[in-house]
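These notes are about the structure you will find just below.
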Amino acid sequence: MRNDIGPAAEIHEGRKRRYTDPLRGALPELERCLIRHRALQMILIIYHAEELKRDVINGVAAQAYLRAAIAGDDAATPAEVVKEGTKLKRAFAHLVQDGVLTADERRNMVALIEKRNSIAHHLDQVTADLSTDPFILDWLTLMPDRQSHDYEALDQLRVARRLLSDRMIAKHYVGEISMRSLFFDATERALSADIKALNRRICKLVRQRRDAIATLNDELSVAGSPLTGLFDPGWPDNRYDRGRLTPRGVETCYQLFDMGKSAMAVAHLMDLSLASARKRERMWQDLGGDQRKKRVIAEIPKVRIRYRMEE
Numbered sequence: 002m003r004n005d006i007g008p009a010a011e012i013h014e015g016r017k018r019r020y021t022d023p024l025r026g027a028l029p030e031l032e033r034c035l036i037r038h039r040a041l042q043m044i045l046i047i048y049h050a051e052e053l054k055r056d057v058i059n060g061v062a063a064q065a066y067l068r069a070a071i072a073g074d075d076a077a078t079p080a081e082v083v084k085e086g087t088k089l090k091r092a093f094a095h096l097v098q099d100g101v102l103t104a105d106e107r108r109n110m111v112a113l114i115e116k117r118n119s120i121a122h123h124l125d126q127v128t129a130d131l132s133t134d135p136f137i138l139d140w141l142t143l144m145p146d147r148q149s150h151d152y153e154a155l156d157q158l159r160v161a162r163r164l165l166s167d168r169m170i171a172k173h174y175v176g177e178i179s180m181r182s183l184f185f186d187a188t189e190r191a192l193s194a195d196i197k198a199l200n201r202r203i204c205k206l207v208r209q210r211r212d213a214i215a216t217l218n219d220e221l222s223v224a225g226s227p228l229t230g231l232f233d234p235g236w237p238d239n240r241y242d243r244g245r246l247t248p249r250g251v252e253t254c255y256q257l258f259d260m261g262k263s264a265m266a267v268a269h270l271m272d273l274s275l276a277s278a279r280k281r282e283r284m285w286q287d288l289g290g291d292q293r294k295k296r297v298i299a300e301i302p303k304v305r306i307r308y309r310m311e312e
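Throughout, our numbering is defined as the position within the sequence shown, counted from one, plus 1.
Have a look at this one:
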């Protein structure tokens with residue numbers, strides 16, 4: 002019996018499948034590890050960005066005090082050299098003027114400090130791409146300028162702080178004694194160790210994900226089976242308006258299991274949750290599995306689907 006009927010079947014068969022989320026928003030381990038990894042990095046990025054800012058401002062202020070003391074000019078105070086509200090900008094200008102930094106190095110450090118603002122003001126955007134919700138993923142395509150996580154920012158901030166320290170020493174800048182680094186030392190070591198452990202775990206999970214995707218992509222094909230055209234698993238006759246399977250949908254689901262499809266593949270093909278697909282798989286097994294009495298889908302009466310707009 003032919004299952005592909007007319008042009009409508011050809012149109013449906015050639016339609017590109019839309020991504021569905023069988024986990025219904027529950028994040029797999031890989032995404033959960035990535036969120037924790039980013040969260041730990043963001044804590045350290047905020048810390049080092051603030052410390053870089055302090056290094057610049059306090060370094061210039063300390064040098065101004067020294068120069069005023071040497072010159073015997075009591076009127077020359079750091080408040081005049083580095084005014085409130087524009088401290089960072091003026092401090093960077095003095096470092097470039099003194100030859101401590103080049104213009105390009107200043108622009109790079111300013112951009113790194115602004116990473117802190119990106120995290121603090123747009124935290125919702127920084128991890129949004131790790132969502133498995135199709136609506137969220139579609140919405141992100143409409144936000145080309147959204148803030149994204151920079152995995153290199155933390156290392157770049159650490160390098161920038163070391164560079165600034167070395168340059169200030171080379172230019173005979175006086176230093177400021179501070180306990181802040183000692184206060185945070187234990188925390189940074191603990192967070193850095195966790196980041197390294199997560200790196201190893203994430204690499205392993207990525208390899209597993211790639212293998213799982215390759216296997217699942219092979220399963221998603223129904224070419225050469227009766228379930229094509231108007232009998233495609235995604236055909237509207239298989240579902241009521243509120244998502245429940247119609248009798249045709251139930252039999253389609255069972256025939257997919259007859260073909261050896263996994264519950265995950267069936268969930269993708271029929272837009273079910275993974276829990277629902279597994280429940281259907283158990284029901285299919287209770288009926289005898291692939292030895293059960295099969296029904297011809299074309300002979301199953303269609304049901305009238307009442308859409309919400311009709312209610």
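All C-beta atoms in this analysis are idealised placements derived from N, C-alpha and C, irrespective of residue type, glycine included. As the structure is a prediction and not an experimental result, all values here were calculated from the model.
For residue i, three-class secondary structure by DSSP
{"i": "Leu246", "result": "strand"}
{"i": "Arg107", "result": "helix"}
{"i": "Arg25", "result": "coil"}
{"i": "Arg240", "result": "strand"}
{"i": "Ile178", "result": "coil"}
{"i": "Leu221", "result": "coil"}
{"i": "Asp130", "result": "helix"}
{"i": "Leu231", "result": "helix"}
{"i": "Lys116", "result": "helix"}
{"i": "Arg66", "result": "Note that residue 66 is Tyr in the sequence shown, not Arg. Tyr66: helix per DSSP, three-state reduction."}
{"i": "Thr142", "result": "coil"}
{"i": "Arg33", "result": "helix"}
{"i": "Tyr152", "result": "coil"}
{"i": "Gly60", "result": "helix"}
{"i": "His173", "result": "coil"}
{"i": "Val160", "result": "helix"}
{"i": "Arg281", "result": "helix"}
{"i": "Met326", "result": "Past the edges of the chain, shown from 2 to 312, lies residue 326, and the structure says nothing about it."}
{"i": "Ser226", "result": "coil"}
{"i": "Arg208", "result": "helix"}
{"i": "Ile298", "result": "helix"}
{"i": "Phe258", "result": "helix"}
{"i": "His318", "result": "Nothing about residue 318 can be reported from this structure: the residues present for the chain run from 2 to 312 only."}
{"i": "Val251", "result": "helix"}
{"i": "Leu165", "result": "helix"}
{"i": "Leu102", "result": "coil"}
{"i": "Arg190", "result": "helix"}
{"i": "Arg55", "result": "helix"}
{"i": "Arg147", "result": "coil"}
Bounding residues of the alpha helix (DSSP H) (the contiguous stretch that carries residue i)
{"i": "Arg313", "result": "Lying before the first or after the last residue shown, residue 313 is absent from the chain, which here runs from 2 to 312."}
{"i": "Gln292", "result": "Here Gln292 belongs to no alpha helix (DSSP H), and DSSP marks it neither H nor E."}
{"i": "Met271", "result": "Ala264 to Met271"}
{"i": "Val304", "result": "Here Val304 belongs to no alpha helix (DSSP H), and DSSP marks it neither H nor E."}
{"i": "Ser274", "result": "Looking at the DSSP string, Ser274 is not in any alpha helix (DSSP H), and its letter there is neither H nor E."}
Of the residues the options, the one placed nearest residue i, counting alpha carbons only
{"i": "Ser119", "options": "Pro234, Asn239, Cys34 and Arg147", "result": "Arg147"}
{"i": "His49", "options": "Tyr255, Leu288 and Arg163", "result": "Arg163"}
{"i": "Thr133", "options": "Asp272, Arg293 and Leu28", "result": "Leu28"}
{"i": "Leu257", "options": "Gly26, His122, Arg201 and Val223", "result": "Val223"}
{"i": "Glu153", "options": "Thr21, Ile301, Arg296 and Gln42", "result": "Gln42"}
{"i": "His38", "options": "Pro302, Arg202, Asp272 and Tyr255", "result": "Arg202"}
{"i": "Lys295", "options": "Cys254, Glu30 and Ala268", "result": "Cys254"}
{"i": "His150", "options": "Arg293, Ile36, Glu30 and Pro135", "result": "Ile36"}
{"i": "Arg107", "options": "Asp125, Pro135, Ala161 and Arg68", "result": "Ala161"}
{"i": "Pro1", "options": "Gly26, Glu282, Lys197 and Arg211", "result": "Residue 1 is absent from the model: the chain starts at 2 and stops at 312."}
{"i": "Gly176", "options": "Ala40, Ala62 and Lys303", "result": "Ala62"}
{"i": "Glu51", "options": "Ala121, Ser193 and Leu102", "result": "Ala121"}
{"i": "Lys303", "options": "Pro227, Ser274, Arg283 and Arg240", "result": "Arg240"}
{"i": "Thr128", "options": "Ala40, Ser277 and Ala94", "result": "Ala40"}
{"i": "Val267", "options": "Leu228, Arg190 and Ala69", "result": "Leu228"}
{"i": "Pro237", "options": "His95, Arg305 and Asp125", "result": "Arg305"}
CB-CB length for residue i against residue j, believed under 8 Å
{"i": "Asp130", "j": "Leu141", "result": "6 Å"}
{"i": "Gln98", "j": "Tyr174", "result": "No, Gln98 and Tyr174 are not in contact; Cβ-Cβ is about 13 Å, not under 8 Å."}
{"i": "Met265", "j": "Leu217", "result": "6 Å"}
{"i": "Gly100", "j": "Lys172", "result": "7 Å"}
{"i": "Gly60", "j": "Met180", "result": "Actually they are not in contact, since the Cβ atoms of Gly60 and Met180 sit about 17 Å apart, beyond 8 Å."}
{"i": "Cys21", "j": "Asp272", "result": "Here the sequence assigns Thr to residue 21, which means Cys is not the residue at that position. Right, their Cβ atoms sit about 5 Å apart."}
{"i": "Ile214", "j": "Glu252", "result": "No, Ile214 and Glu252 are not in contact; Cβ-Cβ is about 28 Å, not under 8 Å."}
{"i": "Leu31", "j": "Leu206", "result": "4 Å"}
{"i": "Ile58", "j": "Ala92", "result": "5 Å"}
Sub-7 Å separation of residue i and residue j beta-carbons
{"i": "Leu89", "j": "Lys116", "result": "no"}
{"i": "Cys34", "j": "Leu138", "result": "no"}
{"i": "Ile298", "j": "Arg245", "result": "no"}
{"i": "Pro234", "j": "Leu288", "result": "no"}
{"i": "Leu155", "j": "Leu45", "result": "yes"}
{"i": "Lys262", "j": "Glu220", "result": "yes"}
{"i": "Asp291", "j": "Asp242", "result": "no"}
{"i": "Leu113", "j": "Leu183", "result": "no"}
Check: residue i C-beta below 6 Å from any heavy atom of the ligand NAP
{"i": "His150", "result": "Among the components of this structure there are no ligands whatsoever, and the ligand NAP is therefore not found."}
Cutoff 7 Å: residue i Cβ touching any chain B Cβ
{"i": "Lys280", "result": "No chain B appears in the structure shown, which is made up of a single protein chain."}
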